[in-house]
Structure formats: structure tokens, C-alpha cells
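Notes for the one structure printed next.
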Amino acid sequence: MQNSDTIENQPIQSEDQTQIHQNWAKTITYSTSNVVTPTNVEEIQAILRNPENKHIKAQGTGHTFNNIADTTHDGVLISLQNFKDVQVDDETVTFGSGVTYSELIQYVDKAGRALPNVPSLPHINVVGSMITATHGSGFKQPLMVAHVVAFDIVLPSGDLKHFKKDEEEDFFYYIHSFGSLGIIYRMTMKIEPSFQVFKAIYQDLDWSFFDDRETQDKIFQSCDYLSFFTDWKERKMTSVWKATKFIKDEDCPKYEDTFFNAEHIKTEHIHPVRGRDPSPCVFVGAGSWREKIYHFFPDAPPSSGGDESHTEFFIPYNNFKEALDALYDIREHFIHLVQVSELRFVCADDIPLSPAKGQNVVGFHWTWFRKHDEIIQVLPIIEETLAKFNPLPHYGKLFGLNGDILQERLGDDLAKLRDLIRKHDPEQKLVNNFTRKYLNLRQD
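For the sequence shown, UniProt numbering assigns the number 1 to the initial residue and increments by one for each residue that follows.
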């Protein structure tokens, strides 16, 4: 077992916190100016037990693009930035709810271990990413939350409870409750022995290769981590980002000049948005998992530097090419608003409220220009086009699907979540307008 105390006390690079009155991209201004930053769990308990606090919500790094973390003008917004403890053991890592992936990666790597997967950018809050169904990519890679084995939570009553995955039937309901069943202040997830990653990037993969299902499967299974990017201008992936795990140097994959008809880039790195400065992006080639598994360097501005908003819908893998073609056919409605789209595979799970429950899916993600009003106008067109595939949204990004549609697609899972909220938070102190709207939860 690794020495947890030694790892915990080692200094690591800390990040500047997002302005807590706005989200990271400055597309959402939170309704309250009453922001508190507790330093221990007892202070969180006191906030929840104070009868004057009628509306409460917790916040991580603000990497959400809707009002999931908002409260009311007279509510309390809890910043969890002070909860930074990390303890690494052989098989798990336990961390506070203020920890980002870039911070967690440093701790885990120093212990000679690795996270099974990470999102595209490591700048985001880990616990927050579990709540919103964040994912990485890969044919064998599930949602990030699938790796969680335990958490500690302050319930709406102010009481504390420790949840273990193997012992609690409602384990994932509490995580996927949009923060409405309590404030998670500590979490434990599985880790594995350290590994290396070989990253390769190819440009201009023609979509025709997805017409044949056997070839489509071969493409998606060609590596451990896979991302496609497209700007929708042509029927092609503008870039394909492949990453393959290996342990021993002699097992390191070799460069291939082409991937089907796509050619390997001639430079050390590129940006997913064609023409943008590539300096924030990781290099191709071999290296430690902590250097290669994500897209953007931890100390560089991720994505489009915040000049953006995001949307993502999960489509059944079996409908991937059909959905791709359908979206291309309506591209004139959104092509002027999109910087780039990323498409990533997420493998099936049995997690309640998961967009991958019972089936493999592909996340269709849009990085928009920061034009909120125009995005809101085009979302119904996209959602109507995808409706026959019964898509589910990434809960932390912009979408317009109403509560009735989510009820239809999530069924008994959503009904059970509503019942749990009514039972454990009858005063709805942790419920906000976002939750009421998308869970069809009345305010009595």
C-alpha cells in the first residue's frame, strides 16, 4: 500500500479558482451574491441546518453551461474549493470535492498509479464531473462515475452518511441527483497500475468508412482512447485523436503514416479547432499517462479558452452513422455557430440515470461560439433531428429537452429519483429551478 500521509502532504501545483459568481465561460451569472467557502464539513452541516437558508447549492470549478449549479437571489452558493485532501492507496484514491483532475492526476501519478480514464480536459472538478455524466472516450471506457466506489455526503438534514457502492442500492441516485440529495464532500474511485500512452493524430478521415458496420467497429476499436473532431463543412473528421496504452517500452506502438484515408499530422501537435494556436494541446508520441491521456495541458487554457458554450447528446452506437448523416443534412442551421464538434464512444453500463445505461453510445458534442441566444434557437432543431434515436443530454451542458421527454427516456429511474428527493429533502432546500424543470418536480 502507498503511504497515504506522505502523498497527501506533498505540495502540488494549485489552480486559480473560477470566479464564483459566474461559470468558467462567463455564460452563466449565478443568481446569488451570497457565496460561502467552508473549510470543513461541520461548516457545511451548519449551513444546511440553518433554518434561514431556504435555497442552497454547491459549486466546483464552474465548468457547466446551464443553471444546474444555480440557486435563488436569496440562496446560498457553497464553493467547495477548500476541500483538497487526497489519499492514494494501491487500488483507490480518495479526494475532497474541491479537487480537479489535474490535481488528482499529480497525486495518483506520484504514487505510481493511474486513473483508468479522464475527460478531454483536466481542468474540471472531479466530483462535479461525476454528477453531470462526464466521460472520456474509448470502446471499453464507461462514464467516469462507473469508477466511483464510495463517497461521503452531507444530507439535506445536515446529517453525514458514508455510501459504499456494494452496500447501497441507491448509490448512483445520490450521485446523479443534480446535487439535490446532499452535498458530496469526499469521494473514492478505483485506480490502476501506472501505464504509458502513445498518442497519434490523423487528419481528414472520410465518413464513408462508417457506412460498413464492420469497418466502423474496426475504427472505434483501433485504440484505447479515441476522439473524432469535425467542423461539419465536409463529410469528414477533420482530425482523429488516437491514444493507446502500453506498459513496456518495447510494446510501444509504431507511427503509421495513415489511418484508413487520414494522414498523420506533420507537426508535434494541433488544436481540435482547425487554425487555432496548438500550444495548449498535448504532443503526439509516447509518454506517461499523465502527459498524454487528455487533450489539453493542465497549465494552459483548455478548449477555446472560455470563449464558448457546450452541448452534448448521447446517441446509441448502433445509430452512429445515421445520426451523423442526419446532422450533416441540417448543418446550415448551426454551422455558423459551431467551432468544432467532438464525437466520443462511451461503453454501456447499468447505472441509473446514465445516458449509457444498457447500451453503447456515442457523445455528439458541440463547442459553440459564445452566442447563447442563437444557440438556444437552434437546439430544438438538433433535438428534433435526433429525436428518433432517443438521445439523452450531458447534464452539465446546454440542452432544451423538457422534463416530459426526459421522463419518457429515463422512465422508472427518474421517478425513483423524484421519490428520493421528496423523502429526503421535503423542503427542497437543495432543489433549484433546473432540477424542478427537468425532473418534473413540483414546488409544493
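Note that CB positions come from ideal geometry on N, CA and C, so glycine has one too. Values in this document were obtained by computation on a predicted structure and should not be read as measured data.
CA nearest to the CA of valine 154, picked from Asp166, Tyr185 and Gly138: Tyr185
Limits of the beta strand (DSSP E) - the one that leucine 205 falls within: 196-206
From Pro272, Leu386 and Phe283, residue whose alpha carbon lies closest to that of phenylalanine 320: Leu386
Cβ pair isoleucine 175, methionine 130 closer than 8 Å: yes
Segment contact flag, the segment 344-354 with the segment 322-335, C-beta cutoff 8 Å, min 3 pairs: no
DSSP bridge partner residues for proline 393 (one or two, in chain order): Phe313
Residues that DSSP places opposite lysine 190 in a beta bridge: Thr92
Limits of the alpha helix (DSSP H) - the one that lysine 292 falls within: 289-292
At least 3 beta-carbon pairs within less than 8 Å: the segment 111-124 vs the segment 185-197: yes
Distance CB(glutamine 196)-CB(isoleucine 124) smaller than 8 Å: no
Neighbourhood of lysine 437 by C-beta distance below 8 Å, restricted to the same chain and skipping five residues each side: Asn402 and Gly403
Delimiting residues of the beta strand (DSSP E) encompassing phenylalanine 283: Unbroken run through phenylalanine 283: none, as it is neither H nor E.
Spatially closest choice to valine 273 from Glu308, Asp224 and Gln339, by CA coordinates: Gln339
The alpha helix (DSSP H) enclosing arginine 49, as first and last residue numbers: 41-49
Backbone secondary structure at tyrosine 225 - three-state DSSP: strand
Three-state secondary structure (DSSP) of phenylalanine 83: coil
Reduced DSSP category for arginine 442 - H, G, I as helix; E, B as strand; rest coil: coil
Cβ contact check for the segment 354-369 and the segment 249-267: 3 or more pairs under 8 Å: no
Coarse secondary structure for phenylalanine 369, derived from DSSP in three states: coil
One or two residues paired with arginine 409 in a DSSP bridge: Answer is none; arginine 409 lacks a bridge partner.
Cβ pair isoleucine 68, threonine 132 closer than 8 Å: yes
Coil, strand or helix - glutamate 103 by DSSP: helix
Close Cβ partners of leucine 121 (< 7 Å) along its chain, the five nearest in sequence each way excluded: Tyr294, His295, Phe296, Pro302 and Ser303
Limits of the unbroken beta strand (DSSP E) element including valine 126: Counting along the chain, valine 126 falls outside any beta strand (DSSP E), though it belongs to the alpha helix (DSSP H) covering 126-131.
Given 8 Å, three or more beta-carbon pairs between the segment 84-97 and the segment 37-53: no
Beta-carbon proximity check, asparagine 440 vs aspartate 70, cutoff 8 Å: no
Cα-Cα separation between methionine 187 and serine 79, rounded to whole angstroms: 17 Å
Alpha carbon of glutamate 8 to alpha carbon of glycine 96, nearest angstrom: Low per-residue confidence applies at glutamate 8: pLDDT is 32, beneath 50, and the placement is therefore not dependable, though the value from the model is reported in the following sentence. Cα to Cα, glutamate 8 sits roughly 11 Å from glycine 96.
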